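In the UniProt record's numbering, the protein residues as written are 1 to 453. From the three backbone atoms N, C-alpha and C, an ideal C-beta is built for every residue, glycine too. None of these values were measured; they are calculated from a predicted model.
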């Protein structure tokens, strides 16, 4: 029974760790109390594989070299162990490298999966393009998911989101000290049923709603007070998962992250689309060498779908709010980014602004207290808000728009129409040539992300 169940799970592409958790839930046993271990499962899967891992590695390197001969822009790097056997390998395609040049400011590095055909940890780099759609940057296969291997796989974007992996946390801190590391909230929330359903029973949904309320707060002080009240209200003082979540709060709770750029990837809609995008690569159940080709096919399919969606977005009729130099924002920003900006413009009408000694206080017209602090220097075209939405998403907030409107400023300063949210009307190479240095450097960053350190 267990053997057939394990083999069935293997065909779905889930990891051994995920198999173990599913069978624990099915058998209603606590973690670690199954009559077999992860090592037993790996040995079972290996016994059903007729392919020699060493032959697979040789074929994989041959495949990468063949692709490189046909496409000089295909990039791959690898390391060999002391026995001259493949240890780690990473690769990226020409279109992916171009995407990383422009949109590699915030990435998700997902290491929660293994290739069922070879039982190796698989790391996938993905991000969000200027149309708000997932884009692929690169893949890395690791012999073991340890600090050394993960350190080898990392090079510095501006922001990186990962799963709750302590080795990956240490590797990120070691290799990317200037990069903001955060945890993917959707990977945390996915574990809630197994963590809290049995503990909370009928109160689980109420607790989950309160958790999401705390997660979305703006103030650190409000979060700290709210968390304490939540723990008291639901009697979770001795719950180890709650303790761990609180210890890592600066890596996942939005009050601690809003001053860093995330390209909207913490939003529920983006998390679902990115996760679905990653799942496309995990359907490969053939030989390891063929996985490289199958990922390329999946990317081509996604690129074609993205092109069609881009055309549809561009054909949408949008109102002509003015940007810098009288140019309509809708001709500068992509429809996705413009729609986000337009949402804030509409909401700004519901807010009132009051000039104070060192700036403006902006709050909803129904509120008598609180509000956001906005600082505006008209001569320099600089405006900032205490809500940090522009820093977090690259879209100016309703509070800033309220102040600009109050000051009869109806043009958005150039710096608040970010390059990464603009329409790309020319080739990436030419566009990058005229962009800030940070964008030109990203190609080298991706090419070197797997170099031996």
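For residue i, the three-state DSSP class (helix, strand or coil)
{"i": "residue 114", "result": "strand"}
{"i": "residue 6", "result": "helix"}
{"i": "residue 374", "result": "strand"}
{"i": "residue 57", "result": "helix"}
{"i": "residue 138", "result": "strand"}
{"i": "residue 33", "result": "coil"}
{"i": "residue 211", "result": "helix"}
{"i": "residue 120", "result": "strand"}
{"i": "residue 218", "result": "coil"}
{"i": "residue 190", "result": "coil"}
{"i": "residue 173", "result": "helix"}
{"i": "residue 423", "result": "coil"}
{"i": "residue 242", "result": "helix"}
{"i": "residue 227", "result": "helix"}
{"i": "residue 106", "result": "strand"}
{"i": "residue 252", "result": "coil"}
{"i": "residue 16", "result": "helix"}
Buried/exposed call for residue i, threshold 16 Cβ in 10 Å
{"i": "residue 4", "result": "exposed"}
{"i": "residue 126", "result": "buried"}
{"i": "residue 353", "result": "buried"}
{"i": "residue 446", "result": "Low per-residue confidence applies at residue 446: pLDDT is 41, beneath 50, and the placement is therefore not dependable, though the value from the model is reported in the following sentence. Result: buried."}
{"i": "residue 128", "result": "buried"}
{"i": "residue 16", "result": "buried"}
{"i": "residue 104", "result": "buried"}
{"i": "residue 159", "result": "buried"}
{"i": "residue 96", "result": "buried"}
{"i": "residue 429", "result": "Unreliable positioning characterises residue 429 in this predicted model, as indicated by a pLDDT of 43, which lies under 50. The coordinate reading is nonetheless provided below. With fewer than 16 Cβ atoms within 10 Å of its Cβ, residue 429 is classed as exposed."}
{"i": "residue 181", "result": "buried"}
{"i": "residue 35", "result": "exposed"}
Residue nearest to residue i in terms of C-alpha spacing, selected from the options
{"i": "residue 9", "options": "35, 31, 41", "result": "41"}
{"i": "residue 140", "options": "199, 77, 183", "result": "77"}
{"i": "residue 235", "options": "248, 204, 212", "result": "204"}
{"i": "residue 107", "options": "135, 347, 248", "result": "135"}
{"i": "residue 100", "options": "91, 67, 137, 93", "result": "137"}
{"i": "residue 411", "options": "351, 378, 424", "result": "378"}
{"i": "residue 70", "options": "356, 348, 360, 293", "result": "293"}
{"i": "residue 142", "options": "121, 132, 414, 131", "result": "121"}
{"i": "residue 209", "options": "225, 230, 219, 221", "result": "230"}
{"i": "residue 254", "options": "183, 35, 68, 296", "result": "183"}
{"i": "residue 217", "options": "27, 387, 25", "result": "387"}
{"i": "residue 358", "options": "350, 348, 384", "result": "384"}
{"i": "residue 132", "options": "168, 264, 239", "result": "264"}
{"i": "residue 333", "options": "130, 201, 355", "result": "130"}
{"i": "residue 114", "options": "19, 32, 63, 79", "result": "19"}
{"i": "residue 74", "options": "57, 59, 93, 65", "result": "93"}
{"i": "residue 6", "options": "242, 28, 39, 45", "result": "45"}
{"i": "residue 245", "options": "266, 214, 267", "result": "214"}
{"i": "residue 110", "options": "251, 35, 168", "result": "168"}
{"i": "residue 192", "options": "178, 211, 179", "result": "211"}
Practice task
Evaluate the contact criterion for the stretch 181-191 versus the stretch 159-173: three or more CB pairs, one atom per stretch, below 8 Å.
Solution key: Contact between the stretch 181-191 and the stretch 159-173 is present, because at least three Cβ pairs lie under 8 Å.
Exercise for the section: Evaluate the contact criterion for the stretch 256-266 versus the stretch 387-395: three or more CB pairs, one atom per stretch, below 8 Å. Expected result: The stretch 256-266 is in contact with the stretch 387-395.
Practice task
May I ask you to verify whether the stretch 417-425 touches the stretch 360-369, counting CB pairs closer than 8 Å and requiring at least 3?
Solution key: Short answer: they don't touch.
Practice task
Report yes or no: do the stretch 373-387 and the stretch 395-407 share at least 3 C-beta pairs separated by less than 8 Å?
Solution key: When C-beta atoms of the stretch 373-387 are compared with those of the stretch 395-407, three or more pairs fall below 8 Å, so the two segments count as touching.
Handout entry: contact_flag[the stretch 194-208, the stretch 170-182] where n(CB pairs < 8 Å) is 3 or more
Key = With the cut-off at 8 Å, the stretch 194-208 and the stretch 170-182 do not touch.
Practice task
Determine, using beta-carbon pairs with one atom in the stretch 80-98 and one in the stretch 215-234, whether at least three such pairs fall under 8 Å.
Solution key: Verdict: no, contact absent.
Exercise for the section: Would you list, in sequence order, the uninterrupted alpha helix (DSSP H) runs of no fewer than 4 residues that lie entirely inside the stretch 348-396? Expected result: Runs of the alpha helix (DSSP H) inside the stretch 348-396: 389-393.
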